[in-house]
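Taking our numbering, the leading residue of the sequence shown gets 222, the next gets one more, and so forth. For glycine and all other residues, C-beta sits at the position ideal for the given N, C-alpha and C. Take a look at the structure set out below.
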Amino acid sequence: MGSRSMANDSSPRSIEDGAIRPGVGATRRQVLTTLMACAGLPFHPGSAWAAPTSTVLRAAPGTWQLAPAGQAATPVWSYGESIPGPTLRLRQGERVRCRLENRLPEQATTIHWHGIRLINGMDGVPGLTQAAVPPGEVFDYDFVAPDAGTYWYHAHERSWEQVARGLHGVLVVEEPEPPDVDEDIAIAIDDWRLSTDATLRDDFGAMHDRAHAGRVGNWVTANGAAALTVPARRNTRLRLRLVNTANGRIFSLSTQGLDGWIVALDGQPLDKPAPFERVVLGPAQRADLIVDVTGDPSSEAFLVSHERDGGYALVTFSIGEGARARRADPPRRMTPNPVPVPTDLAGARRSTLEMTGGAMGRMASARFEGKDREIRELVRHGMAWAMNGTAGMTPEPLLDLSRGETTVIRLVNDTAWPHAMHLHGHHFSVLGENGEPGPLRDTVLVDRGETREIAFVADNPGKWLIHCHMLEHAAAGMTTWIRVGA
Ligand code: C2O
Ligand code: CU
Numbered sequence: 222m223g224s225r226s227m228a229n230d231s232s233p234r235s236i237e238d239g240a241i242r243p244g245v246g247a248t249r250r251q252v253l254t255t256l257m258a259c260a261g262l263p264f265h266p267g268s269a270w271a272a273p274t275s276t277v278l279r280a281a282p283g284t285w286q287l288a289p290a291g292q293a294a295t296p297v298w299s300y301g302e303s304i305p306g307p308t309l310r311l312r313q314g315e316r317v318r319c320r321l322e323n324r325l326p327e328q329a330t331t332i333h334w335h336g337i338r339l340i341n342g343m344d345g346v347p348g349l350t351q352a353a354v355p356p357g358e359v360f361d362y363d364f365v366a367p368d369a370g371t372y373w374y375h376a377h378e379r380s381w382e383q384v385a386r387g388l389h390g391v392l393v394v395e396e397p398e399p400p401d402v403d404e405d406i407a408i409a410i411d412d413w414r415l416s417t418d419a420t421l422r423d424d425f426g427a428m429h430d431r432a433h434a435g436r437v438g439n440w441v442t443a444n445g446a447a448a449l450t451v452p453a454r455r456n457t458r459l460r461l462r463l464v465n466t467a468n469g470r471i472f473s474l475s476t477q478g479l480d481g482w483i484v485a486l487d488g489q490p491l492d493k494p495a496p497f498e499r500v501v502l503g504p505a506q507r508a509d510l511i512v513d514v515t516g517d518p519s520s521e522a523f524l525v526s527h528e529r530d531g532g533y534a535l536v537t538f539s540i541g542e543g544a545r546a547r548r549a550d551p552p553r554r555m556t557p558n559p560v561p562v563p564t565d566l567a568g569a570r571r572s573t574l575e576m577t578g579g580a581m582g583r584m585a586s587a588r589f590e591g592k593d594r595e596i597r598e599l600v601r602h603g604m605a606w607a608m609n610g611t612a613g614m615t616p617e618p619l620l621d622l623s624r625g626e627t628t629v630i631r632l633v634n635d636t637a638w639p640h641a642m643h644l645h646g647h648h649f650s651v652l653g654e655n656g657e658p659g660p661l662r663d664t665v666l667v668d669r670g671e672t673r674e675i676a677f678v679a680d681n682p683g684k685w686l687i688h689c690h691m692l693e694h695a696a697a698g699m700t701t702w703i704r705v706g707a
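Take a look at the structure:
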């Protein structure tokens, strides 16, 4: 395996105390204990309605050991004093109550529950579904998570800064009958832009990042650790929930010494588990793997991240004693979530969302705040991109859909950059070459020059964003919205 291409790297690193955080690499029992502890409430194993899970997420400044042990800790903003924030675990259909407490200096904030098909008022979009929560104040989120799977939560106010400073965590919704695995491990994969003194570079939202690939960092972590090590045993089965929480970096991931299947994308089970080789995750995308530890005892297995100049270990699994005699049988197909699947594509309402602009693009002008403006003027306002000729939000939605209507949107990327397009409040099917519905997702990576079609049934009333999840692109014009009638 090659070495990392990143600045101030000082490999090799050993297993460090505290590299494994609550909710990370823990057994289910330990995880539940963690959630109970932070909720401060007794845990009711009975009906989901008996006692909603309650928890508090306090957004506040803190520090975290992002750099290797021995170097300085990094000042961050975090939920619950941890990077990533506490892994929240709910059961499918359970009602969750979560109080956001804003202890940030000066900035208002909100929480968006990425990928959860929840009621509009709990979606956490400032100015569209709620007012941003000023410092010193609280907001009570209260919703039901209808789908099992791997999701995440993150700040949605000045997200290019707040997410980059650390305001995000993993949200796991458990199936009533989860696949049989020995360990269930959520892994938030992130990158940071660190200075040599281990502080975060404070050039959040820089114009260069807005017009190029977004804020791509120079320091990659898994669950906030530069060298995450997880104990494992031969022939045991792991469920790895991979979440890309980076602002702009696209990860290409494979495994060594772990052999298995990809079973879900963006929380939604695949029709059938597919043998796993490699997965590409754009910002905000997730993949669930079920893998068996096939490496020999006292060797190591790896989750590997591939860059242009080679691969490096994101997570190391140290294979210890206690092996199983043989591998388990292949996993069964998981039960689909109750997502309405778009079937009537012939009768669907069709529209196009054309992306233009960015560095090396051909965009000369665009509409912004109701006026046509030349590119120079757009840049003065921090804008670099347009969707259907408009930079940023419009008073009227891109699409006004009736409830239950099926729609197909053609995402045309006429720029020199990839974009990770995310729709709130719904999952869509990405159509294949032949126009057949493919896997359900909430975020689709559209490569430079590429066109992808997505189809969904607009069954969730309200105002929903559709935006690029390269967060600097979203801030620089790639954000619009749709409305679904009541
Ligand atoms: Cu995860 Cu509007 O985003
Ligand atoms: Cu983009």
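Give me the Cα-Cα distance between ALA366 and GLY336, rounded to the nearest whole angstrom.
-> 10 Å
Mind the definition here: the region 492-509 touches the region 583-590 only if three or more C-beta pairs lie below 8 Å; say whether that holds.
-> no
Excluding the 5 residues preceding and the 5 following ASP401 in the sequence, name in chain order all residues of the same chain whose CB lies nearer than 6 Å to its CB.
-> none
Distance cut-off 8 Å: ALA505 Cβ against heavy atoms of the ligand ADP = As presented, the structure is devoid of the ligand ADP, carrying the ligand C2O and the ligand CU as its sole ligands.
Using the rule of at least 16 other Cβ atoms within 10 Å of the residue's Cβ for burial, across every protein chain shown, is SER235 buried or exposed?
-> Low per-residue confidence applies at SER235: pLDDT is 25, beneath 50, and the placement is therefore not dependable, though the value from the model is reported in the following sentence. Flag for SER235 reads exposed.
By Cβ distance, which residues of its chain are closer than 7 Å to SER226, with the 5 residues on each side in sequence left out?
-> Because SER226 carries a pLDDT of 36, less than 50, the predicted location of this residue cannot be relied on, and no value is offered for it.
Go ahead and pull the three-state DSSP assignment for MET428.
-> helix
Who are GLY306's beta bridge partners in DSSP?
-> GLY390
Determine, using beta-carbon pairs with one atom in the region 313-323 and one in the region 360-380, whether at least three such pairs fall under 8 Å.
-> yes
Which two residues bound the contiguous beta strand (DSSP E) that contains VAL600?
-> Counting along the chain, VAL600 falls outside any beta strand (DSSP E), though it belongs to the alpha helix (DSSP H) covering 596-601.
Is it right to say GLU404 is buried, meaning 16 or more other beta carbons lie within 10 angstroms of its own, or is it exposed?
-> buried
Assigned secondary structure, GLY342 (DSSP; H/G/I helix, E/B strand, else coil) | helix
At a cut-off of 8 Å, is HIS647 close to the ligand C2O when judged by its beta-carbon and the heavy atoms of the ligand?
-> no
Quick one, which of ARG386, LEU309 and GLY579 has its alpha-carbon nearest TYR372's?
-> LEU309
Can you tell me whether ALA567 is buried or exposed, with buried defined as 16 or more other CB within 10 angstroms of its CB?
-> exposed
Can you tell which of PRO658, ALA419 and HIS429 has its C-alpha closest to the C-alpha of ASN439?
-> ALA419
Smallest Cα separation from LYS684: which of HIS694, ALA697, THR615 and ARG669?
-> THR615
Do three or more CB pairs link the region 342-356 to the region 380-388 at distances below 8 Å?
-> no
Expressed to the nearest angstrom, what Euclidean distance is found between the alpha-carbon atoms of ASN681 and TYR300?
-> 29 Å
Bridge partners - SER380, DSSP secondary structure assignment | Answer is none; SER380 lacks a bridge partner.
Leaving out five residues on either side along the sequence, give the residues of the same chain with a beta carbon under 6 Å from the beta carbon of GLY543.
-> ARG454
Backbone CA spacing between GLY370 and ALA427 [nearest angstrom] | 34 Å
Is any heavy atom in the ligand CU found nearer than 8 Å to the beta carbon of GLY435?
-> yes
Based on Cα-Cα distance, which residue from LEU311, ASP663 and GLY342 lies nearest to GLY503?
-> ASP663
Thinking C-alpha only, which one of GLU693, ASN655 and LEU644 is nearest TRP638?
-> GLU693
Under 9 Å between the Cβ atoms of PRO618 and ARG704?
-> yes
Short check: CB of HIS643 to CB of ILE596, under 9 Å?
-> no
Since I believe GLU378 is in contact with GLN313 (beta carbons under 8 Å), could you give me their beta-carbon distance rounded to a whole number of angstroms?
-> Not confirmed; about 29 Å, so no contact.
Going by C-alpha distance, which of ILE540, THR700, HIS375 and ASN341 is nearest ASN609?
-> THR700
What residues in its chain sit with their C-beta under 6 Å from that of THR627, if we drop five residues either side in the sequence?
-> PRO563, ASP565, ALA569 and VAL678
Tell me whether the beta-carbon of ASP368 lies closer than 9 Å to the beta-carbon of PRO559.
-> yes
On the premise that THR295 lies in contact with LEU388, defined as a C-beta separation below 8 Å, what is that separation, rounded to the nearest angstrom?
-> Incorrect: roughly 14 Å between the Cβ atoms, too far for contact.
Counting contacts by CB-CB distance shorter than 9 Å, is VAL678 in contact with chain B?
-> The question asks about chain B, but that chain is absent: this structure has only one protein chain.
Could you tell me the boundaries of the beta strand (DSSP E) in which HIS688 lies?
-> 683-689
Just checking, does the region 442-449 make contact with the region 464-475 on the three C-beta pairs under 8 Å criterion?
-> no
Length-filtered (3 minimum) beta strand (DSSP E) runs lying within the region 499-576 | 500-502, 507-514, 521-528 and 531-541
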